[in-house]
Amino acid sequence: MSDTNTLHPGNVRRAAVAGMFYPGDAGELSRQIAGFLEHTPHRAPAPGFPKAVIVPHAGYVYSGAVAASAYDLLRPARGIIRRTVVLGPCHRVPVRGLALPAAAAFETPLGSVLVDASAVASIRDMPQVTESAATHAQEHAIEVQLPFLQQVLGEFSLVPLVVGDASPAEVAGVLERLWGGAETLIVISSDLSHYHSHAEARAIDAATVKAILELDSGLSHQQACGATPIV
Numbered sequence: 002m003s004d005t006n007t008l009h010p011g012n013v014r015r016a017a018v019a020g021m022f023y024p025g026d027a028g029e030l031s032r033q034i035a036g037f038l039e040h041t042p043h044r045a046p047a048p049g050f051p052k053a054v055i056v057p058h059a060g061y062v063y064s065g066a067v068a069a070s071a072y073d074l075l076r077p078a079r080g081i082i083r084r085t086v087v088l089g090p091c092h093r094v095p096v097r098g099l100a101l102p103a104a105a106a107f108e109t110p111l112g113s114v115l116v117d118a119s120a121v122a123s124i125r126d127m128p129q130v131t132e133s134a135a136t137h138a139q140e141h142a143i144e145v146q147l148p149f150l151q152q153v154l155g156e157f158s159l160v161p162l163v164v165g166d167a168s169p170a171e172v173a174g175v176l177e178r179l180w181g182g183a184e185t186l187i188v189i190s191s192d193l194s195h196y197h198s199h200a201e202a203r204a205i206d207a208a209t210v211k212a213i214l215e216l217d218s219g220l221s222h223q224q225a226c227g228a229t230p231i232v
């Protein structure tokens, strides 16, 4: 059930955590992201670019360097990727299934990103998909990905989905409809372990990475807060 009726052209989802999770000034934000990207580990050039990335969503001072290591791989995709599907967990307002926004655009200090109306229309009839402006209003997991995407990709449209009480199969069904080709990127917004010592966190996260690489569907939300869309 929706708490609003439709996407409205004048409805913009304002940045909720600018100035807290990342700089609220456009120039400062752009410079910070450029600095993170400049200092990513040097890799041997690989052909192509990823179809999907898993990226953290903490404040940039904590996770910006890690996020940059994922987004750096997408630099060759500028001008190719035209649509980005971002799935993030629900931290504030609970929701059943996967929640679309009511907004027609998401605003950041670097400008506005239009919500992809045709992609949204293609999944609206799915029973696990709902619309909730309230769920999106203060949710940071999707918002913090947008400035990196804006800086690396330039122009693109957005399909923002907050994943609440949903099964992996329900998420997979939505992704199957949105998968597309090289023009579509999938971003899974997820932190890993929290509140552990450095040694404990490294051990837990190593097990999490192993589970992801082995396509283990038993990944828990204690290992990764975005476990449902990951698996």
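Numbering (the working numbering), first residue to last: 2 to 232. Every residue, glycine too, gets a C-beta built ideally from N, C-alpha and C.
Is the beta carbon of residue i within less than 7 Å of some heavy atom of the ligand SAM?
{"i": "I189", "result": "Ligands in the displayed structure: none, and consequently the ligand SAM is not present."}
Report the residue from the options whose alpha carbon sits nearest the alpha carbon of residue i.
{"i": "Q151", "options": "Y23, S31, V18, R14", "result": "S31"}
{"i": "S168", "options": "A59, A104, R97", "result": "R97"}
{"i": "D166", "options": "G89, S119, V188, A105", "result": "G89"}
{"i": "S123", "options": "E171, G155, L179", "result": "L179"}
{"i": "F149", "options": "A200, A106, R79, P42", "result": "R79"}
{"i": "H1", "options": "T41, R83, T85, V18", "result": "The chain is shown from 2 up to 232; residue 1 falls before or after that span and cannot be answered."}
{"i": "F157", "options": "L176, G181, T185, V175", "result": "T185"}
{"i": "A103", "options": "V175, G36, D117", "result": "D117"}
{"i": "G181", "options": "E39, S119, A170, E171", "result": "S119"}
{"i": "K52", "options": "E171, R83, A200, K211", "result": "R83"}
Over the uninterrupted beta strand (DSSP E) stretch that includes residue i, give me the two end residues.
{"i": "V163", "result": "158-164"}
{"i": "E132", "result": "130-132"}
{"i": "R84", "result": "84-90"}
{"i": "I187", "result": "185-190"}
{"i": "V175", "result": "Careful: V175 lies outside any beta strand (DSSP E), inside the alpha helix (DSSP H) at 169-179."}
{"i": "G112", "result": "112-115"}
{"i": "E108", "result": "104-109"}
{"i": "L99", "result": "99-101"}
Step through the CB atoms of chain D and report whether any lies within less than 8 Å of the CB of residue i.
{"i": "H40", "result": "In the displayed structure, chain D is absent; only one protein chain is listed."}
Does the beta-carbon distance from residue i to residue j come in below 8 Å?
{"i": "Y61", "j": "Y23", "result": "yes"}
{"i": "Q146", "j": "V87", "result": "yes"}
{"i": "I81", "j": "A183", "result": "yes"}
{"i": "L162", "j": "L99", "result": "yes"}
{"i": "P77", "j": "F107", "result": "no"}
{"i": "L154", "j": "L75", "result": "yes"}
{"i": "A16", "j": "T109", "result": "yes"}
{"i": "A27", "j": "L111", "result": "yes"}
{"i": "S70", "j": "P48", "result": "no"}
{"i": "H137", "j": "R14", "result": "yes"}
{"i": "A105", "j": "N12", "result": "yes"}
{"i": "M127", "j": "V54", "result": "no"}
{"i": "V114", "j": "L101", "result": "no"}
Assuming residue i is part of the alpha helix (DSSP H), what are its boundary residues?
{"i": "E29", "result": "27-39"}
{"i": "I124", "result": "118-124"}
{"i": "L154", "result": "147-154"}
{"i": "A59", "result": "Per DSSP, A59 belongs to no alpha helix (DSSP H) and is neither H nor E."}
{"i": "A142", "result": "141-144"}
- Any 3 or more C-beta pairs closer than 8 Å across the segment 116-136 and the segment 63-73: Taking 8 Å as the limit for Cβ pairs, the verdict is that the segment 63-73 does not touch the segment 116-136.
- Task: Would you check if there are 3 or more beta carbon pairs closer than 8 Å linking the segment 142-150 to the segment 181-192?
- Result: Result yes; three or more Cβ-Cβ pairs closer than 8 Å.
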